[in-house]
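Participant:
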Amino acid sequence: MIAVGYLLFGFYFRQAALPVKMNSPEFTLLDIHGQTVTENDYDGKVRLTSFIFTRCPDICPATTINMVALQNELQKQGTFGDEVEFVSITFDPDNDTPEVLKQYAERLGIDQSGWSLLRGEEEKVKELAAQYNLSIVRLDDGLFAHSITSLLLIDGQQRVRAIYRMGEDMENEQILKDIDTLLKEQQKDL
Numbered sequence: 001m002i003a004v005g006y007l008l009f010g011f012y013f014r015q016a017a018l019p020v021k022m023n024s025p026e027f028t029l030l031d032i033h034g035q036t037v038t039e040n041d042y043d044g045k046v047r048l049t050s051f052i053f054t055r056c057p058d059i060c061p062a063t064t065i066n067m068v069a070l071q072n073e074l075q076k077q078g079t080f081g082d083e084v085e086f087v088s089i090t091f092d093p094d095n096d097t098p099e100v101l102k103q104y105a106e107r108l109g110i111d112q113s114g115w116s117l118l119r120g121e122e123e124k125v126k127e128l129a130a131q132y133n134l135s136i137v138r139l140d141d142g143l144f145a146h147s148i149t150s151l152l153l154i155d156g157q158q159r160v161r162a163i164y165r166m167g168e169d170m171e172n173e174q175i176l177k178d179i180d181t182l183l184k185e186q187q188k189d190l
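full-length UniProt numbering applies: residue 1 is where the sequence shown begins, and numbers increase by one.
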């Protein structure tokens, strides 16, 4: 009887697989060193992707600060940069030059050994975001309004598995659990 109880407990409380929300679209962008980066560069790795702009007054820096906290935890676990990578894609390339992105990374504590800051033409990035069902609109003052649910967890097979709120409302503990779920899933597939 006790063995049945343990089996039922394990069945109901094991980590559930994350559903596939959509396939992650193809892209070709540039990193801050001018190197071409495509989605294929992340094959086999879990990827947390955000769409940002460095002049953002609130949501983007709060998101990046939360992602840095996640980065630090994943570094302690030994998975950051090896099994898990972060990607931040700017949709403001006129302002977010490679130099501006480098300064942003330094100021906020981004470890570029496992975190890519990418850029491309504004319309191209907006089209990429739209393929993820995200909205980006340039405002009259030159700043942007964008979807606040635009933090994407993508598995090593280029499939979006979770979408999170950005900013101060980020649920870092849940994101870490979901990353762990995908890492365990990938180990089973090996």
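Positions of the beta carbon are idealized from the N, C-alpha and C atoms, including for glycine.
1. In three-state DSSP terms, what is Thr-181?
2. Measure the C-alpha to C-alpha separation of Lys-42 and Leu-29 and round it to an integer number of angstroms.
3. Which of the three DSSP states, helix, strand or coil, is assigned to Met-67?
4. If Phe-53 sits next to Phe-144, beta carbons under 8 Å apart, how far is it from one beta carbon to the other, in whole angstroms?
5. Any heavy atom of the ligand ADP closer than 8 Å to the beta-carbon of Asp-178?
6. Let me know if Gln-15 comes out buried or exposed under the rule of 16 or more other beta-carbons within 10 Å of its beta-carbon.
7. Using the beta-carbon count (16 or more within 10 Å), is Leu-139 buried or exposed?
8. Is the distance from the Cβ of Ile-153 to the Cβ of Ile-136 below 9 Å?
9. Taking Glu-99 as part of the beta strand (DSSP E), name the residues at either end of that continuous run.
10. So Arg-161 and Lys-76 are supposed to be a Cβ contact under 8 Å. How far apart are they, rounded?
11. How long is the line joining the alpha carbons of Asn-23 and Val-37, rounded to whole angstroms?
12. Arg-34: which of Leu-108, Pro-93 and Leu-151 sits nearest, CA to CA?
13. Taking the beta strand (DSSP E) that Val-20 falls in, what are its first and last residues?
14. Under 7 Å Cβ to Cβ from Ala-105, same chain only, skipping five residues before and after it: list those, please.
Facilitator: In terms of the structure at hand:
1. In the structure shown, Thr-181 sits in a helix (DSSP, three-state: H, G or I).
2. In the sequence on display, residue 42 carries Tyr and not Lys. Looking at the two C-alpha atoms, the distance is approximately 13 Å.
3. DSSP, reduced to helix, strand and coil, places Met-67 within a helical segment of the structure shown.
4. Confirmed, Cβ separation roughly 6 Å.
5. As presented, the structure is devoid of all ligands, the ligand ADP included, so that no description of it is given.
6. Because Gln-15 sits at a pLDDT of 47, beneath the cut-off of 50, its placement in the model cannot be relied upon, and the following sentence gives the value as read from the coordinates. Gln-15 is exposed by the Cβ-count criterion.
7. Its Cβ having fewer than 16 others within 10 Å, Leu-139 is exposed.
8. Position check: residue 153 holds Leu in this sequence, whereas Ile was assumed. Contact: no.
9. First-last for Glu-99: 98-108, but that is the alpha helix (DSSP H), not the beta strand (DSSP E).
10. About 23 Å separates the two Cβ atoms, so there is no contact after all.
11. Approximately 18 Å between the Cα atoms of the pair.
12. Going by the sequence as given, residue 34 is Gly instead of Arg. Distances from the CA of Gly-34 to each of Leu-108, Pro-93 and Leu-151 were compared; the closest alpha carbon is that of Pro-93.
13. For Val-20, there is no enclosing beta strand (DSSP E), since its DSSP letter is neither H nor E.
14. Closer than 7 Å at the Cβ level, and outside the excluded window around Ala-105, lie Gln-112 and Leu-117.
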